[in-house]
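Enquirer:
Numbering (the working numbering), first residue to last: 14 to 726.
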């Protein structure tokens, strides 16, 4: 309907009465409501690709002259010809599609910028822009400079259904021009601000869904109060199979003042769990257990009398029975367990001589029930897992160990040091470290975004500021619940910002010698305030002096490099120490590996003719595990084998290739370049078991042709 608004405005300019009538009808339609999450499906997004060479057949925009701040021609022109002068690409011949009358123009190639529409298939490649290696044979983390929707499309080839955790901190849609839709900042005065944000998020979540492991994975999304209601509904709509929990997390103890209402100190985390995903109980102390719940520090004896729902005899008649106690000189003991009384009055049941009968009768006099059956109670007494409370005769409270607590005794977590008079076990909790899953309200000092976010970044990359960075320890804690028992987990963040997620993953690896991998995706967007000044100085996106101020080059890459090397971008040792979960000097760095990439857009014909291997090569390496050597080019023999994968182009040398693959113990993936399905299958038959063969470039091209238009409204 945003398109209808534009059309009504045009109609008013031509025929005011017609425009007014259309506007009235439009308002009547918008009053109609549907159920569920309803928002405008905005036209597909587009992204400008300033570093991509202009080719015949491309869609382009014409840029304004250098030095001008105003936006250029926003129409999409089609390139019909690239004219060379003295062998140099000079002019682009342009046609405006569907224009009546026909519109053509010739402009300098440098004044055109290629535009990709999200409905179009892309054929991505990667160009390496740097790497840091301090992690030995560990897998590499990846930092990808790209439009995140297209990067997600790329990852459907390398990581479909392989991601264990996605952690994202998307734009909060504050109205402060902090994010773009269709290459234009969205401000607070945009009537369609919320629906644009939902369209923006829905497209990305639809692709992310294909990356998550459906058997066991989790999506974590942080948000504030401006969009949390809409986001919750959107998550339910996109992930109906997911189990959604919202956690409230304090990120500023002092709070941020808001005129006329309460100060803001919290944000929200949505956890969307899939398959068998469960948060792992962790040894949490201090602020995690603010109410000092004793069962988190020692063995917990539960009341045997059922409380809450289904707690009456009528709910479980077989669990209404007497427990006979005898009082000895040393104290009360269990004598025997009676049979269920399905109906009638307990007074009608005879009590053994010298005993007191304890029935499951509630304080209000109603007949309740025990938590376990008579057989279960006899087993508990025999095992020392039933206990008598303070002696009060027939109203004495009885306790028992539930299955989980009993297992802690049987497994030696709580060593048994003796038995009480009633036969119940006495345990030693002095060496026990409790583990538990916390509540959905987190209030931890370490999660303060100022001290553990902004100030921490100031140590790593002095003088370089990033607005509202996450607390490193807050991200670390959120991830730990789902990767503690997955030392080889793969974590993705496609709103990477300053790179906090990768930093957190690297610290988690240090804690337990893990080999977890993180994939970060961020564009190289320059802030709105800085753009105007750069344009006035004659710079454009794509220029070196423009790109150096982008978020990826100015913040994300140097922060990750600093975290690993222990040195600032100026080469100085980082001052300060990490706190909380594991304390050590930042100057020690982290023993990790990372590689930096920029996403490229390849022509499918070049790919199919094997002329784009250098840019496709990183995708093959990433799909094989991002470990060991990258096969950047094939030698004259037409094949090569690295630690994790191999590539065969010269099928006449297949025997040598298969032999080399068999000798490489850790190799699990091979790529075979051929259009001949029969020969491909013959080579596959000779490969060792456990090695996955993929046909190039059929698997690559088919993947992205199928993806065409996905998630587009």
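Where is the CB? At the ideal position from N, CA and C, for every residue including glycine.
Suppose contacts are defined by Cβ-Cβ distances below 9 Å. Is residue 657 in contact with residue 696 by that definition?
Expert: Numbered from its first residue, the chain shown carries residue 657 at position 644. Numbered from its first residue, the chain shown carries residue 696 at position 683. No, the Cβ-Cβ distance between residue 657 and residue 696 is not below 9 Å.
Enquirer: Per DSSP, residue 771 forms a beta bridge with which residues?
Expert: This structure does not reach residue 771, given that the chain is present from 14 up to 726, and the question cannot be answered.
Enquirer: Would residue 283 and residue 336 be called neighbours here (beta carbons separated by less than 9 Å)?
Expert: Position 270 of the chain shown, counted from the start, is the residue given in the question as residue 283. Position 323 of the chain shown, counted from the start, is the residue given in the question as residue 336. Not in contact: residue 283 and residue 336 (Cβ atoms no closer than 9 Å).
Enquirer: Assuming residue 448 contacts residue 680 under a Cβ cut-off of 8 Å, what Cβ separation, rounded to an integer in Å, is found between them?
Expert: On the chain shown, position 435 is the one that residue 448 refers to. On the chain shown, position 667 is the one that residue 680 refers to. With 8 Å as the limit, residue 448 and residue 680 do not qualify as a contact, their Cβ atoms being about 38 Å apart.
Enquirer: From the DSSP output, which residues share a beta bridge with residue 532?
Expert: Numbered from 1 along the chain shown, position 519 holds the residue referred to as residue 532. Partner(s): 155 and 505.
Enquirer: Do residue 112 and residue 125 have their beta-carbon atoms positioned less than 9 Å apart in this structure?
Expert: Taking the chain shown and counting its residues from 1, one reaches residue 125 at position 112. Taking the chain shown and counting its residues from 1, one reaches residue 112 at position 99. For residue 125 and residue 112, no; Cβs fall outside 9 Å.
Enquirer: What distance in whole Å lies between the Cβ atoms of residue 607 and residue 573, which are believed to be in contact at a cut-off of 8 Å?
Expert: Along the chain shown, one-based indexing puts residue 573 at 560. Along the chain shown, one-based indexing puts residue 607 at 594. Going by Cβ atoms, the distance from residue 573 to residue 607 rounds to 6 Å, so yes, they are a contact pair.
Enquirer: For the 8 Å Cβ check, are there 3 or more pairs between the stretch 470-477 and the stretch 146-163?
Expert: No contact exists between the stretch 470-477 and the stretch 146-163.
Enquirer: For the pair the stretch 338-345 and the stretch 452-460, tell me if three or more CB-CB distances fall below 8 Å.
Expert: Flag = no, the stretch 338-345 and the stretch 452-460 do not touch.
Enquirer: From this set, 387, 582 and 505, which residue's C-alpha is nearest residue 225's C-alpha?
Expert: Residue mapping note: residue 225 aligns to position 212 of the chain shown, counting from 1. Nearest of 387, 582 and 505 to residue 225, Cα basis: 505.
Enquirer: How about residue 671 and residue 700: are their beta carbons less than 9 Å apart?
Expert: Along the chain shown, read from residue 1 onward, the residue named residue 671 stands at position 658. Along the chain shown, read from residue 1 onward, the residue named residue 700 stands at position 687. The answer is yes: Cβ separation under 9 Å.
Enquirer: For the beta strand (DSSP E) holding residue 370, just list the boundary residues, first then last.
Expert: The count along the chain shown starts at 1 and reaches residue 370 at position 357. Note, residue 370: beta strand (DSSP E), 369-371.
Enquirer: I'd like to confirm the pairing. Which residues does DSSP put opposite residue 447 in its beta bridges?
Expert: Position 434 of the chain shown, counting from 1, holds the residue named residue 447. Paired residue(s): none; residue 447 is not in a bridge.
Enquirer: Please report the residue range of the beta strand (DSSP E) in which residue 214 lies.
Expert: As a position in the chain shown, residue 214 is number 201, starting the count at 1. Looking at the DSSP string, residue 214 is not in any beta strand (DSSP E); the run it does join, the alpha helix (DSSP H), is 206-224.
Enquirer: Measuring straight from C-alpha to C-alpha, what distance separates residue 388 and residue 425?
Expert: Sequence index remark: in the chain shown, residue 388 carries index 375 (1-based). Sequence index remark: in the chain shown, residue 425 carries index 412 (1-based). Roughly 25 Å between the two C-alpha positions.
Enquirer: Taking the DSSP output, what are the residues bridged to residue 665?
Expert: The residue labelled residue 665 in the question sits at position 652 within the chain shown. For residue 665, which the question treats as bridged, DSSP gives no partner whatsoever.
Enquirer: Looking only at C-alpha atoms, which of 97, 536, 437 and 238 sits nearest to residue 260?
Expert: Sequence index remark: in the chain shown, residue 260 carries index 247 (1-based). With distances taken between Cα atoms, residue 260 lies closest to 238.
Enquirer: Are the stretch 352-361 and the stretch 314-323 touching, with three or more C-beta to C-beta distances below 8 Å?
Expert: Counting Cβ pairs under 8 Å, fewer than three are found: no touch.
Enquirer: Alpha helix (DSSP H) containing residue 697: first to last residue?
Expert: As a first step, residue 697 is located in the chain shown; it is residue number 684 there, counting from the start. 690-699 is the span of the alpha helix (DSSP H), which, as asked, contains residue 697.
Enquirer: Can you give me the Cβ contacts of residue 74 inside the same chain, cut-off strictly under 8 Å, excluding the 5 residues immediately before and after it?
Expert: For the purposes of this step, residue 74 is taken as the residue at position 61 of the chain shown. Cβ neighbours of residue 74 beyond the five flanking positions: 61, 85, 86, 87, 88, 89, 90, 125, 126 and 128.
Enquirer: Where do the N-terminal and C-terminal ends of the alpha helix (DSSP H) with residue 393 fall, by residue?
Expert: Looking up residue 393 in the chain shown gives position 380. Per DSSP, residue 393 belongs to the alpha helix (DSSP H) from 387-395.
Enquirer: Cβ of residue 236 within 9 Å of Cβ of residue 183?
Expert: The residue you call residue 236 lines up with position 223 of the chain shown. The residue you call residue 183 lines up with position 170 of the chain shown. Yes; because the gap between Cβ atoms is below 9 Å, this pair is in contact.
Enquirer: Go ahead and label residue 180 buried or exposed: buried means 16 or more other beta carbons lie within 10 angstroms of its beta carbon, across all protein chains shown.
Expert: Your numbering for residue 180 matches position 167 in the chain shown. Residue 180 comes out buried.
Enquirer: Would you call the stretch 405-418 and the stretch 369-389 touching, i.e. three or more CB-CB distances under 8 Å?
Expert: Short answer: they touch.
Enquirer: Measuring straight from C-alpha to C-alpha, what distance separates residue 159 and residue 138?
Expert: Position 146 of the chain shown, counting from 1, holds the residue named residue 159. Position 125 of the chain shown, counting from 1, holds the residue named residue 138. Answer to the nearest angstrom: the Cα atoms are 11 Å apart.
Enquirer: Only counting runs of 3 or more residues, tell me where the beta strand (DSSP E) segments fall wholly within the stretch 49-100, in order along the chain.
Expert: Listed in chain order, the complete beta strand (DSSP E) runs (minimum 3 residues) inside the stretch 49-100 are 59-62, 72-75 and 86-98.
Enquirer: Here's the rule I'm using: 16 or more other beta-carbon atoms within 10 Å means buried, otherwise exposed. How should residue 40 be labelled?
Expert: In the chain shown, residue 40 corresponds to position 27, counting from 1. Exposed, by the Cβ-count rule.
Enquirer: Exposed or buried, which one is residue 377 when buried takes at least 16 other CB atoms within 10 Å?
Expert: The count along the chain shown starts at 1 and reaches residue 377 at position 364. Exposed, since its Cβ has fewer than 16 Cβ neighbours within 10 Å.
Enquirer: Less than 6 Å between C-beta atoms, sequence neighbours within five positions excluded: which residues of the same chain meet that for residue 52?
Expert: The residue you call residue 52 lines up with position 39 of the chain shown. Contacts found: 208 and 211.
Enquirer: Give me, in chain order, the residues of the same chain whose beta-carbon lies closer than 6 Å to that of residue 709; leave out the 5 immediate sequence neighbours on both sides.
Expert: The sequence position of residue 709 within the chain shown is 696, counting from 1. Answer for residue 709: 684 and 686, listed in chain order.
Enquirer: Write down the C-beta distance between residue 463 and residue 265 rounded to the nearest angstrom, noting that I regard them as a contact closer than 8 Å.
Expert: If you number the chain shown from 1, residue 463 lands on position 450. If you number the chain shown from 1, residue 265 lands on position 252. That belief holds up - the Cβ atoms of residue 463 and residue 265 are roughly 7 Å apart, short of 8 Å.
Enquirer: For residue 31, list the residues DSSP reports as bridge partners.
Expert: The residue labelled residue 31 in the question sits at position 18 within the chain shown. For residue 31, which the question treats as bridged, DSSP gives no partner whatsoever.
Enquirer: Going by the beta-carbon positions, is the gap between residue 257 and residue 220 smaller than 9 Å?
Expert: Taking the first residue of the chain shown as 1, we reach residue 257 at position 244. Taking the first residue of the chain shown as 1, we reach residue 220 at position 207. Going by C-beta atoms, residue 257 is not nearer than 9 Å to residue 220.
Enquirer: Among all the DSSP beta bridges, which residues are the ones paired with residue 713?
Expert: Position 700 of the chain shown holds residue 713. Paired residues: none, contrary to the question.
Enquirer: Quick one, are the C-beta atoms of residue 674 and residue 659 less than 9 Å apart?
Expert: Indexing the chain shown from 1 puts residue 674 at position 661. Indexing the chain shown from 1 puts residue 659 at position 646. For residue 674 and residue 659, yes; Cβs fall inside 9 Å.
Enquirer: May I have the straight-line CA-CA distance separating residue 614 from residue 130, to the nearest angstrom?
Expert: By 1-based counting over the chain shown, the position of residue 614 is 601. By 1-based counting over the chain shown, the position of residue 130 is 117. Approximately 12 Å between the Cα atoms of the pair.
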